[in-house]
Amino acid sequence: MIRTELMLSIASARERVPFPTFLEILFLELAFEFIRESALRIPNVIGPTIGIVGAIIIGQAVVEAGIVSPIVIVVLAITVLAGFSIPYYTLTFSIRILRLFFIALASAFGFFGIVVGLLLLGHHLVSLKSMGVPFLSPVSPLRPGNADVILRPIPFMQERRPTFMGLLNKQKQSLVQRPWDVNTPTEIQLLQPYTKSSKKLHSKRKKA
């Protein structure tokens, strides 16, 4: 629940704004897109500076003119900064379109529209395939044989390839990558190619 003081502060900040929240966010989204596109086409030396200064000037001007409320500026700034935190930068281009789609759903249907949009997005991602492999593999469909979905095991324990790729040769490496380890059973060590270290180990065990 939002505290009463915060709710009153938000309501008082919106008193001078004649437009609904949807138009405010849409106007600021378009303004930020113009700034971002212009910063890309300006020489690299002054490009980032123009983007930062332009965003500050436009934000201050629209708030003083009563076109948008300060709380919308704060929310949109956090959203834009969160978009830059995505490691795969080209993914942000598709997220921009999705953001407008979710804004329209939230304006028309509220929280219910956001839930419906998430369900539609999840259904679309599940139905995608890349080179015959599901886009969300190995999370969906979930296969118990893939042990390194969340926690990656030690390299010498990664003996088999992922099952969701449908490879003919499922063996990634030999069953035991540490034949010199005393804890490795002798029966499995005999399956490995003989090396100088394994020969010495077997000779010591025979003497013992």
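Counting from 862, one number per residue, gives the positions in the sequence shown under the working numbering.
Just so you know, even glycine gets a beta-carbon here, dropped at the ideal spot from N, CA and C.
- Three-state class that DSSP yields for residue 1002 in the structure shown: The answer is coil: DSSP assigns residue 1002 none of H, G, I, E or B.
- Backbone CA spacing between residue 1010 and residue 893 [nearest angstrom]: Roughly 37 Å between the two C-alpha positions.
- For residue 930 versus residue 872, is the C-beta spacing smaller than 7 Å? No; because the gap between Cβ atoms is not below 7 Å, this pair is not in contact.
- Task: Kindly indicate the opening and closing residues of the alpha helix (DSSP H) around residue 897.
- Result: Counting along the chain, the alpha helix (DSSP H) containing residue 897 begins and ends at 882–902.
- Query: Which residues does DSSP pair with residue 1032 in a beta bridge?
  - Reply: Note: residue 1032 sits in a beta bridge opposite 1021.
- Taking just the CA atoms, how far does residue 901 sit from residue 895? C-alpha separation (whole angstroms): 10 Å.
- Query: Do you know offhand how far residue 997's Cα is from residue 957's?
  - Reply: Near 21 Å, if we compare the C-alpha coordinates of residue 957 and residue 997.
- Residue from 913, 884, 932, 999 with nearest C-alpha to residue 869: Residue 869 has its Cα closest to that of 932, out of 913, 884, 932, 999.
- Take residue 1000 and list the residues in its own chain whose beta-carbon comes closer than 7 Å to its own, dropping the five residues that flank it on each side. Within the same chain, residue 1000 has close Cβ partners 1010.
- Among 925, 898, 923, which residue has its Cα nearest to the Cα of residue 912? Of the candidates 925, 898, 923, the one whose C-alpha sits nearest the C-alpha of residue 912 is 898.
- Item | Assumed close pair residue 920, residue 877 - CB separation to whole angstroms, cut-off 8 Å | Rounded, the Cβ-Cβ distance is 16 Å, inconsistent with contact.
- Is residue 968 helix, strand or coil when you go by DSSP? Helix.
- Message: On the DSSP letters alone, give me the boundaries of the alpha helix (DSSP H) that residue 943 sits inside.
- Response: Note, residue 943: alpha helix (DSSP H), 931–945.
- Query: With 16 as the cutoff for other CB atoms within 10 Å, does residue 937 come out buried or exposed?
  - Reply: Flag for residue 937 reads buried.
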